[in-house]
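Have a look at the structure below before the remarks.
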Amino acid sequence: MAAIGVHFGCTCACVAIFKDGRADVIANDSGDRVTPAVVAYREREQIVGLAAKQGRIRNASNTVVKVKQILGRSYDDPQAQKHIAESKCSVIDKDQKPRYEIDTGEDTKLVPPEEVAKLIFSKMKETAQSALGSDVNDAVITVPFEFGEKQKNALRQAAMAAGFNVLRLIHEPSAALLAYGIGQESPTGKSYVLVYKLGGTSLSVTVMEVNSGMYRVLATQTDDSIGGECFTEALAQHLASEFQRTYKQDVRGNPRAMMKLMNSADAAKHTLSTLGSSNCFVDSLHDGMDFDCNVSRARFELVCSLLFNKSIQPIKNLLDQVGLSANDINKVVLCGGSARIPKLQQMIRDLFPDVELLNTIPTDEVIPIGAAIEAGILVGKDSSFLDEESFAVECCAKDILVKEADDSGADVYTVLLPSGTPLPARRHHTLQSPGSVSSVCFELYQSIGKNCATEANKVAQIVLKDLEKIEETRDIITVLTMKRDGSLHVTCTEQGTGKSEAITIEVAS
Amino acid sequence: MLKEALEGQVTAVCNAITASVQFQVEPVGRWFEAFLKRRTRNVSASFRELEEEKELSEESEDEDLQLEEYPMLKTLDPKDWKNQDHYAVFGLGHLRYKATQKQIKAAHKAMVLKHHPDKRKAAGEKIVEGDNDYFTCITKAYEILSDPVKRRAFDSVDPTFDNAVPSKSEGKENFFKVYAPVFERNARWTNKKYVPNLGDMSASFEEVDAFYSFWYNFDSWREFSYLDEEEKEKAECRDERRWIEKQNRGARAQRKKEEMNRIRTLVDTAYSFDPRIKKFKDDEKARKEAEKKAKVDAKRKEQEEKERARQAELEAARLAKEKEEEEAKQVAMQAKKEKEIQKKASKKERQKLRTTCKNWNYFADNESESVKMMEEVEKLCDRLELLSMQSLNEVLASSTKEESKTAIEKMIQEVNAQLLKEKEETEARARQSSKSSEQSSSGAGGGSKTWNEDDLQLLIKAVNLFPAGTNARWEVIANYMNLHSTSGIRRNAKDVINKAKNLQKLDPIQKDEINKKAFEKFKKEHSVVPPTVDNAVPSERFEGSSADGTASPWTTEEQKLLEQALKTFPVSTPERWEKIAGVVPGRSKKECMKRYKELVEMVKAKKAAQEQVSTKSKK
Numbered sequence: 001m002a003a004i005g006v007h008f009g010c011t012c013a014c015v016a017i018f019k020d021g022r023a024d025v026i027a028n029d030s031g032d033r034v035t036p037a038v039v040a041y042r043e044r045e046q047i048v049g050l051a052a053k054q055g056r057i058r059n060a061s062n063t064v065v066k067v068k069q070i071l072g073r074s075y076d077d078p079q080a081q082k083h084i085a086e087s088k089c090s091v092i093d094k095d096q097k098p099r100y101e102i103d104t105g106e107d108t109k110l111v112p113p114e115e116v117a118k119l120i121f122s123k124m125k126e127t128a129q130s131a132l133g134s135d136v137n138d139a140v141i142t143v144p145f146e147f148g149e150k151q152k153n154a155l156r157q158a159a160m161a162a163g164f165n166v167l168r169l170i171h172e173p174s175a176a177l178l179a180y181g182i183g184q185e186s187p188t189g190k191s192y193v194l195v196y197k198l199g200g201t202s203l204s205v206t207v208m209e210v211n212s213g214m215y216r217v218l219a220t221q222t223d224d225s226i227g228g229e230c231f232t233e234a235l236a237q238h239l240a241s242e243f244q245r246t247y248k249q250d251v252r253g254n255p256r257a258m259m260k261l262m263n264s265a266d267a268a269k270h271t272l273s274t275l276g277s278s279n280c281f282v283d284s285l286h287d288g289m290d291f292d293c294n295v296s297r298a299r300f301e302l303v304c305s306l307l308f309n310k311s312i313q314p315i316k317n318l319l320d321q322v323g324l325s326a327n328d329i330n331k332v333v334l335c336g337g338s339a340r341i342p343k344l345q346q347m348i349r350d351l352f353p354d355v356e357l358l359n360t361i362p363t364d365e366v367i368p369i370g371a372a373i374e375a376g377i378l379v380g381k382d383s384s385f386l387d388e389e390s391f392a393v394e395c396c397a398k399d400i401l402v403k404e405a406d407d408s409g410a411d412v413y414t415v416l417l418p419s420g421t422p423l424p425a426r427r428h429h430t431l432q433s434p435g436s437v438s439s440v441c442f443e444l445y446q447s448i449g450k451n452c453a454t455e456a457n458k459v460a461q462i463v464l465k466d467l468e469k470i471e472e473t474r475d476i477i478t479v480l481t482m483k484r485d486g487s488l489h490v491t492c493t494e495q496g497t498g499k500s501e502a503i504t505i506e507v508a509s
Numbered sequence: 001m002l003k004e005a006l007e008g009q010v011t012a013v014c015n016a017i018t019a020s021v022q023f024q025v026e027p028v029g030r031w032f033e034a035f036l037k038r039r040t041r042n043v044s045a046s047f048r049e050l051e052e053e054k055e056l057s058e059e060s061e062d063e064d065l066q067l068e069e070y071p072m073l074k075t076l077d078p079k080d081w082k083n084q085d086h087y088a089v090f091g092l093g094h095l096r097y098k099a100t101q102k103q104i105k106a107a108h109k110a111m112v113l114k115h116h117p118d119k120r121k122a123a124g125e126k127i128v129e130g131d132n133d134y135f136t137c138i139t140k141a142y143e144i145l146s147d148p149v150k151r152r153a154f155d156s157v158d159p160t161f162d163n164a165v166p167s168k169s170e171g172k173e174n175f176f177k178v179y180a181p182v183f184e185r186n187a188r189w190t191n192k193k194y195v196p197n198l199g200d201m202s203a204s205f206e207e208v209d210a211f212y213s214f215w216y217n218f219d220s221w222r223e224f225s226y227l228d229e230e231e232k233e234k235a236e237c238r239d240e241r242r243w244i245e246k247q248n249r250g251a252r253a254q255r256k257k258e259e260m261n262r263i264r265t266l267v268d269t270a271y272s273f274d275p276r277i278k279k280f281k282d283d284e285k286a287r288k289e290a291e292k293k294a295k296v297d298a299k300r301k302e303q304e305e306k307e308r309a310r311q312a313e314l315e316a317a318r319l320a321k322e323k324e325e326e327e328a329k330q331v332a333m334q335a336k337k338e339k340e341i342q343k344k345a346s347k348k349e350r351q352k353l354r355t356t357c358k359n360w361n362y363f364a365d366n367e368s369e370s371v372k373m374m375e376e377v378e379k380l381c382d383r384l385e386l387l388s389m390q391s392l393n394e395v396l397a398s399s400t401k402e403e404s405k406t407a408i409e410k411m412i413q414e415v416n417a418q419l420l421k422e423k424e425e426t427e428a429r430a431r432q433s434s435k436s437s438e439q440s441s442s443g444a445g446g447g448s449k450t451w452n453e454d455d456l457q458l459l460i461k462a463v464n465l466f467p468a469g470t471n472a473r474w475e476v477i478a479n480y481m482n483l484h485s486t487s488g489i490r491r492n493a494k495d496v497i498n499k500a501k502n503l504q505k506l507d508p509i510q511k512d513e514i515n516k517k518a519f520e521k522f523k524k525e526h527s528v529v530p531p532t533v534d535n536a537v538p539s540e541r542f543e544g545s546s547a548d549g550t551a552s553p554w555t556t557e558e559q560k561l562l563e564q565a566l567k568t569f570p571v572s573t574p575e576r577w578e579k580i581a582g583v584v585p586g587r588s589k590k591e592c593m594k595r596y597k598e599l600v601e602m603v604k605a606k607k608a609a610q611e612q613v614s615t616k617s618k619k
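Listed in order, the protein sequences are those of chains A and B.
Sequential numbering of the first sequence, starting at 1, is according to UniProt numbering.
Sequential numbering of the second sequence, starting at 1, is according to UniProt numbering.
Below is the structure:
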């Protein structure tokens with residue numbers, strides 16, 4: 001079964017397919033794996049993608065960019081207002097809903113943002129079907145974690161209007177985790193993952209807990225004021241000052257020249273992620289003067305150093321917020337096109353010296369690949385529909401620990417069932433005890449956080465008596481089963497003799 | 001490494017464990033799907049052993065399946081399979097459409113074990129060769145019941161289903177008893193999961209409404225493909241198949257329509273007989289009536305209230321007015337009274353003064369003096385205010401004759417001085433008026449109204465402006481004069497005619513003289529003193545200088561500064577006047593401009609006058 005995963009971003013959209021057990025990003029008809037989410041309205045046609053982006057210099061008032069920012073929002077919404085203020089295409093208020101005013105030659109057309117999104121989705125569908133055949137419509141679409149119900153609905157409607165059968169909307173950070181298959185192999189254990197997404201216009205950092213193969217968002221932070229475009233902008237400003245230095249002409253007042261410069265800076269920025277230096281060349285930038293400039297990576301990093309610091313800061317804030325240190329994070333996932341920047345990756349690596357940095361998948365393709373994997377899981381299942389209740393899962397409230405003695409005889413506590421484990425759950429553990437004694441005491445504690453268990457937190461003890469003394473160490477097989485309400489059933493069996501004890505601990509009422 | 005148990009330690013629970021908490025998880029990944037599946041099936045992999053017992057009991061129930069032997073089984077004709085009851089063949093006649101797939105499978109297995117031709121052959125029974133054996137019926141029954149689509153088609157035309165709809169007479173009495181089983185029976189055709197119950201008399205309006213809306217929008221899965229006369233599979237070619245399909249479709253649609261009609265009739269009759277509906281309707285009617293009544297009542301009440309408010313307002317207004325009048329009256333009365341008192345008092349005082357004076361014999365020695373004094377005293381009495389009279393009387397009463405004489409004389413002197421002053425004032429006024437009239441009449445005599453030079457000038461101009469033949473010429477001229485005259489004297493047509501005639505009588509030389517004189521006067525006035533009378537022109541620019549008292553006159557210092565400024569900022573300077581005003585302290589831009597214009601005019605007038613003088617001297 002084949003299925004599609006779509007990531008619909010502010011600046012770019014990307015589509016991946018799941019086929020024959022693996023997920024791959026599909027290049028669009030112009031050969032790019034990422035399609036700019038730009039729609040240009042011409043007299044008789046609408047153009048999506050690279051052509052629209054390049055044509056924006058000449059057709060700015062009829063070109064819609066960053067439609068995701070306004071999708072599903074009312075006209076008065078502050079975010080929508082911000083978008084309207086920035087948009088070169090005029091936006092008007094119609095019954096509290098924003099509409100793009102498109103001039104198609106003879107008359108003006110009012111286009112809702114959903115319509116623009118639909119065109120982009122149609123393009124993505126075409127791209128996917130070029131690889132899969134036209135009968136595959138099942139898709140999973142990613143949304144930012146902070147999207148509200150209305151925006152999700154608007155996105156879903158737009159995707160459905162484009163002909164997708166939307167299996168599910170999933171959050172971008174979860175898709176990123178899924179792309180790397182974190183926690184998918186064995187459903188035990190607990191880990192923390194930090195997802196760092198630096199997109200075209202926004203930065204979002206999310207801390208997720210992976211427990212028994214299930215993902216949970218602990219905290220997230222979004223900063224709409226920083227994104228890849230900021231770097232481009234900074235570089236373009238630098239280029240403009242370079243131009244001014246050589247030709248004594250200020251191009252900052254010339255919007256078309258600035259747009260050309262932005263396009264050139266964008267290309268240069270991309271090159272600088274792989275090469276040490278890049279050449280910016282714009283024909284007839286201003287007053288018929290050509291512009292040619294070499295930018296080194298060091299120069300770029302210098303120009304954007306403030307922005308880099310600003311991009312890293314939210315990580316620290318977020319860790320403070322959830323009360324974790326950098327060492328508690330087990331993995332860091334990078335996604336979003338701008339996370340490619342080598343300097344940024346270096347800075348994150350400095351922040352998490354001992355942590356595995358996952359960047360093997362191109363960062364802007366991580367999310368669509370995750371979506372495609374999810375689509376592959378869901379496709380063919382009849383019950384992909386979810387109600388709200390199914391998101392709420394009963395979890396173990398506290399860590400369940402057992403007291404053991406280490407080699408020196410001091411007490412150590414071993415976690416048998418970590419907190420946050422989805423219930424019902426069962427865990428097998430093989431514990432060892434010295435064979436020289438005839439009895440074993442198995443003491444259970446519950447605790448939250450790292451503070452050591454005290455007597456007040458002791459839950460139960462299981463004693464195995466009258467064991468035969470043997471030479472080597474004894475293996476005690478312990479099975480913990482916790483029901484949905486949180487009550488715990490523990491069985492301890494001595495492997496050699498089959499002697500066993502069981503106990504059931506009820507929930508505090 | 002686990003520890004050794006201490007002496008006396010036993011297996012025990014010390015504390016209760018904390019209850020589980022609910023977390024929001026992300027709906028992604030296969031483990032989430034697995035979790036969801038487990039939860040919806042309500043079984044858990046980790047709790048197999050705890051829940052196994054339950055599952056076992058379910059299975060044992062299945063095994064208890066009672067299969068009723070179908071007595072006519074062996075007489076069935078396999079060719080007539082359409083009319084056979086497939087459930088009965090399996091011995092599931094008591095379960096029918098409620099039978100699960102599992103049960104059907106089990107029943108089929110049992111039947112096959114028992115009735116398979118090979119088995120029977122082994123048992124020594126004689127078997128009919130080919131398809132004619134009754135075992136074919138069992139195969140056919142399984143073929144139909146094991147396929148959900150075919151089974152549904154058969155269920156739809158279940159021969160045991162009672163399609164009957166209760167007649168009207170039946171439903172009238174004990175409605176619930178008759179209709180409840182009918183609805184229950186028909187509910188099996190619905191596609192929806194939850195079927196509302198008919199309920200009883202105590203059901204609420206919402207329940208009844210839900211019930212009927214369910215049945216009016218009944219979504220049935222019942223279909224009649226089982227009754228198709230032709231079988232599509234038997235067709236030999238495409239065209240035939242199409243034809244059969246068409247036939248069948250028509251028949252099915254017809255039957256489906258009949259079925260829908262049946263349900264519709266059922267619901268309609270039930271609705272019409274439902275005692276609850278009747279009750280609700282009555283209730284509604286009563287409620288509406290009550291509402292209407294309440295509305296009318298409220299309206300009436302409101303109107304009454306309004307009327308009352310209006311009355312009260314009127315009353316209040318009337319009272320206030322009365323009170324006001326009363327007060328005014330009182331005030332007037334009080335004033336009158338006071339006045340009277342004052343009058344009386346002054347009268348008394350006057351009398352007193354007269355008597356005192358008389359007593360003192362008017363401070364005179366001889367008759368004539370006393371007569372004069374008397375006159376004076378009378379004057380005093382007339383002139384003096386009440387208060388001063390009182391004080392005078394007091395002085396008089398408390399002093400000797402000489403003293404009183406001096407006092408009274410002093411008073412008389414004062415009064416005389418006052419009188420004199422008044423007289424002077426009136427005289428001055430008279431003089432002034434006479435002077436002004438003199439001045440105005442100085443130009444030309446004649447007529448009741450005087451004509452000054454300006455007016456004459458104006459008249460000549462007007463006469464020239466409106467030549468003979470103009471409609472109502474003299475009125476127009478009079479109007480023009482009144483409009484433009486500066487003397488403020490109103491003239492009518494008659495005056496104007498008289499004057500004009502007068503003027504005409506004068507020889508042309510004289511007229512020239514007048515013109516010249518007027519011009520000269522004009523010049524003179526402008527050059528020496530800025531014109532005093534120019535009210536007709538609504539210009540402010542002369543006001544400052546015409547009335548010396550108003551505004552602040554320009555001091556020499558200011559004048560000097562202004563002149564200096566005018567020189568330093570030539571005409572071409574942008575925003576010249578702002579700059580000039582900035583240099584002259586205490587003067588606004590407007591004032592400076594005004595002053596400048598005045599100065600220009602003054603200079604011009606001076607020059608003109610000088611020229612005239614020089615020409616005159618030349619002559």
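Quick reminder that beta carbons are idealized off the backbone N, C-alpha and C, glycines included.
Here's the rule I'm using: 16 or more other beta-carbon atoms within 10 Å means buried, otherwise exposed. How should H94(B) be labelled?
Classification of H94(B): exposed, given that the 10 Å Cβ count is below 16.
Run of the alpha helix (DSSP H) containing Y271(B), from where it starts to where it stops:
238-273
Neighbour list for S174(A) in chain B, Cβ cutoff strictly below 7 Å:
E26, V28
Under 7 Å Cβ-Cβ, which residues of chain B neighbour V437(A)?
E4
When you check each C-beta in the region 392-404 of chain A against every C-beta of chain B, which residues fall closer than 9 Å?
A392, V393, E394, C395, C396, A397, K398, I400, V402, K403, E404
Starting from the beta carbon of Y215(A), find every residue of chain B whose beta carbon is closer than 7 Å, and list them in chain order.
V25, E26, V28, G29
If we cut at 8 Å on Cβ distances, does S20(B) have a partner in chain A?
yes
Residues bridged to M214(A) (per DSSP)
N211(A)
Please list, in chain order, the chain B residues whose beta carbon lies closer than 9 Å to that of Q432(A).
M1, L2
Test: C441(A) CB closer than 8 Å to a CB of chain B:
So, interface residue.
Can you tell me which of I367(A), S284(A), V91(A), I17(A) puts its alpha carbon nearest to the alpha carbon of V251(A)?
Among I367(A), S284(A), V91(A), I17(A), the Cα nearest to that of V251(A) belongs to S284(A).
Taking a contact to mean a Cβ-Cβ separation below 8 Å, would you say I476(A) touches L431(A) in this structure?
yes
Could you please give me the residues that DSSP links to F18(A) through a beta bridge?
A3(A), A23(A)
Could you tell me whether any Cβ in chain B is nearer than 8 Å to the Cβ of I462(A)?
By this cut-off, I462(A) is an interface position.
In angstroms, rounded to a whole number, what distance separates the CA positions of A23(A) and L306(A)?
37 Å
If you measure from the beta carbon of Q184(A) to each beta carbon in chain B, is any gap under 8 Å?
yes
Three-state secondary structure assigned by DSSP to K126(B):
If DSSP states are grouped into helix, strand and coil, K126(B) belongs with coil.
Taking H489(A) as part of the beta strand (DSSP E), name the residues at either end of that continuous run.
488-494 is the span of the beta strand (DSSP E), which, as asked, contains H489(A).
Any chance the CB of S134(A) is under 7 Å from a heavy atom of the ligand ADP?
Ligands are entirely absent from the displayed structure, and the ligand ADP is therefore not among its contents.
To the nearest angstrom, how far is it from the Cα of T160(B) to the Cα of P166(B)?
As the crow flies, the alpha-carbon of T160(B) is around 17 Å from that of P166(B).
Residue range of the alpha helix (DSSP H) that includes residue 623(B)
For chain B, the structure presents residues 1 to 619; residue 623(B) sits outside this window and is missing.
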